[in-house]
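Engineer: Heads up, the sequence shown is in my numbering, so the first residue is 134 and it goes up one at a time.
Just so you know, even glycine gets a beta-carbon here, dropped at the ideal spot from N, CA and C.
The model shown is predicted, which means the values in this text are computed figures rather than measured ones.
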Amino acid sequence: MFLQRQLEAASKYLQQEMGQNVNRASREKIPINLSKSEISEYVKRFNSLDTDKKGYISLNDLRASLKVRSLVNNLRSAVLMVLLQQHSENI
Numbered sequence: 134m135f136l137q138r139q140l141e142a143a144s145k146y147l148q149q150e151m152g153q154n155v156n157r158a159s160r161e162k163i164p165i166n167l168s169k170s171e172i173s174e175y176v177k178r179f180n181s182l183d184t185d186k187k188g189y190i191s192l193n194d195l196r197a198s199l200k201v202r203s204l205v206n207n208l209r210s211a212v213l214m215v216l217l218q219q220h221s222e223n224i
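Have a look at this one:
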């Protein structure tokens with residue numbers, strides 16, 4: 134009986150504080166006025182993170198995105214270093 138009450142309380146907490154009810158409440162209370170182009174941009178960004186098309190962004194989605202972005206940034210830095218070295222050799 135005690136475990137059942139704990140489970141129900143935990144479930145209620147997760148739904149109210151971390152689940153759908155929180156998102157629904159925040160959408161209902163805060164008016165959002167975005168242009169069509171802003172909405173389109175945010176949808177595009179969301180979809181680029183939600184690679185599995187689940188309808189939400191998971192921690193794994195965020196990790197994968199950060200890894201890719203880090204690799205791209207490292208690549209850009211490496212390319213920049215090569216260009217700088219080539220340029221300094223030509224001076």
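#1: DSSP on N193, reduced to helix/strand/coil?
#2: Whose CA, out of E141, I190 and L140, lies closest to the CA of R178?
#3: From the DSSP output, in three-state form, read off K186 for me.
#4: How many angstroms separate the CA atom of N193 from the CA atom of Q137?
Structural biologist: From the atom records:
#1: By one-based count along the sequence shown, residue 193 stands at place 60. N193: helix per DSSP, three-state reduction.
#2: Counting from one through the sequence shown, the residue named residue 178 turns up at place 45. Of E141, I190 and L140, the residue nearest in Cα terms is I190.
#3: Reading the sequence shown from its first residue, position 53 is the one you call residue 186. Correct three-state label for K186: coil.
#4: For the purposes of this step, residue 193 is taken as residue 60 along the sequence shown, with counting starting at 1. For the purposes of this step, residue 137 is taken as residue 4 along the sequence shown, with counting starting at 1. The straight-line gap from Cα to Cα measures roughly 31 Å.
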